[in-house]
Ligand code: ADP
């Protein structure tokens, strides 16, 4: 990792990592649960993203770059609701490994579906608030995530979720980011200006986060089920919104609506979203 934190050495020997169980198969990386034994002999459970090309004969250097870019991004953050980088392995065999903090309960969307019966409104708002604080932290540092969705959030404990998957995230200089290809973009989560002009800003992150909160309030149902992507684009342009989930309080749906304003400048900021959710949480806990 170049020009990052020079006070910490992020290099880990592959021999210090034991890969144990396949956790997930991503676009660029294959993620394993594993154990990391540090130089002092302390053991720690970790998640290890292994370069995909190690398994298949793909372009290793391109995938390695993607993996290291993501690690470089993660390395800059220090927040209780953002998955931490522990280190990287680059020596030896071909592909790089990205070693991260393990979120024991796995993907948020899967968790929401599985634990539907035990997740009430206060937990839904707790999770939403934690993720809002993580995104607000990123935005303060001029980072935009660009791929906010329940599938990219992980559950550390039944009371703690973390933002993950920084593969698409970028640091904004001054100008918004314009993406050149639609490739694998998450159409059903995207803001109208991202759909139309491929424009990404902190305000498009706010819009996407609204869809993510909608997924949380809907127990892991995907947005626009059964609707084709091009149809979603037309509906969003006409100002159509995802429906108010059952049991979603009016105050929460009002919040979603200000996150989904067509005009980015009318959307509230991530900091305001986090403040709003914090108050709502206090009200629920004391009422
Ligand atoms: P990609 O970005 O290449 O698509 P992901 O980051 O989505 O790969 O990882 C694939 C899967 O691995 C995730 O859906 C998740 O289930 C699992 N995973 C990733 N990181 C962690 C982690 N830190 N803790 C637990 N599970 C993880």
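In UniProt numbering, the protein residues as written are 382 to 668.
For glycine and all other residues, C-beta sits at the position ideal for the given N, C-alpha and C.
Since this is a predicted model, take the numbers as computed values, not measurements.
- Pull up the distance between the alpha-carbon of residue 553 and that of residue 433, whole angstroms please. Along the chain shown, read from residue 1 onward, the residue named residue 553 stands at position 172. Along the chain shown, read from residue 1 onward, the residue named residue 433 stands at position 52. Looking at the two C-alpha atoms, the distance is approximately 28 Å.
- Query: Is the beta carbon of residue 526 less than 9 Å from the beta carbon of residue 516?
  - Reply: Your numbering for residue 526 matches position 145 in the chain shown. Your numbering for residue 516 matches position 135 in the chain shown. Yes, these two residues count as a Cβ contact at 9 Å.
Which residue marks the beginning of the beta strand (DSSP E) containing residue 447, and which one marks its end?
Taking the chain shown and counting its residues from 1, the one referred to as residue 447 is at position 66. Not the beta strand (DSSP E): residue 447 falls in the alpha helix (DSSP H), residues 441 to 456.
Quick one, which of 395, 413 and 411 has its alpha-carbon nearest residue 419's? Locating residue 419 in the chain shown gives position 38, counting from the first residue. For residue 419, the nearest C-alpha among the options comes from 395.
Mind checking which residues open and close the beta strand (DSSP E) that includes residue 481? As a working note, residue 481 is residue 100 in the chain shown. Its beta strand (DSSP E) spans residues 478 to 482.
- Under 6 Å Cβ to Cβ from residue 593, same chain only, skipping five residues before and after it: list those, please. Position 212 of the chain shown, counting from 1, holds the residue named residue 593. If we look at residue 593 and ignore the five residues flanking it on each side, its Cβ neighbours are 529, 530 and 531.
| query | Helix, strand or coil for residue 469 per DSSP? | reply | Position 88 of the chain shown, counting from 1, holds the residue named residue 469. Reduced to three states, the DSSP call for residue 469 is strand.
Worksheet item: Excluding five sequence neighbours on each side, which residues of the same chain lie with their C-beta closer than 7 Å to the C-beta of residue 588?
Response: To locate residue 588, count along the chain shown from 1; it is residue 207. These residues qualify, in order along the chain: 572, 640, 641 and 648.
Please determine if the segment 503 to 523 and the segment 438 to 455 are in contact, where contact requires at least 3 C-beta pairs separated by less than 8 Å.
no
- CB-CB under 6 Å to residue 565, same chain, minus the five flanking residues each way: which ones, in chain order? Start at 1 with the first residue of the chain shown, and residue 565 comes out as number 184. Closer than 6 Å at the Cβ level, and outside the excluded window around residue 565, lies no residue.
Checklist entry - Relative to the ligand ADP, is the shortest distance from any of its heavy atoms to the C-beta of residue 589 smaller than 8 Å? => result As a position in the chain shown, residue 589 is number 208, starting the count at 1. Checking every heavy atom of the ligand ADP against the Cβ of residue 589, none is found closer than 8 Å.
* Output the distance between the C-alpha atoms of residue 612 and residue 623, rounded to the nearest integer angstrom. => Walking along the chain shown from the start, residue 612 turns up at place 231. Walking along the chain shown from the start, residue 623 turns up at place 242. Approximately 13 Å between the Cα atoms of the pair.
*Distance cut-off 8 Å: residue 619 Cβ against heavy atoms of the ligand ADP*: Here residue 619 refers to the residue found at position 238 of the chain shown. Every heavy atom of the ligand ADP is 8 Å or more from the Cβ of residue 619, so no.
(Q) I need the DSSP call for residue 614, collapsed to helix, strand or coil. (A) As a position in the chain shown, residue 614 is number 233, starting the count at 1. Of the three classes helix, strand and coil, the one that applies to residue 614 here is helix, per DSSP.
With distances taken from CA atoms, which of 584, 615, 538 and 600 is nearest residue 650?
Counting from 1 along the chain shown, the entry for residue 650 is found at position 269. Here the closest residue by C-alpha is 584.
- Could you give the distance in angstroms between the alpha-carbon of residue 540 and the alpha-carbon of residue 508? On the chain shown, residue 540 is found 159 positions in, with the first residue counted as 1. On the chain shown, residue 508 is found 127 positions in, with the first residue counted as 1. Answer to the nearest angstrom: the Cα atoms are 8 Å apart.
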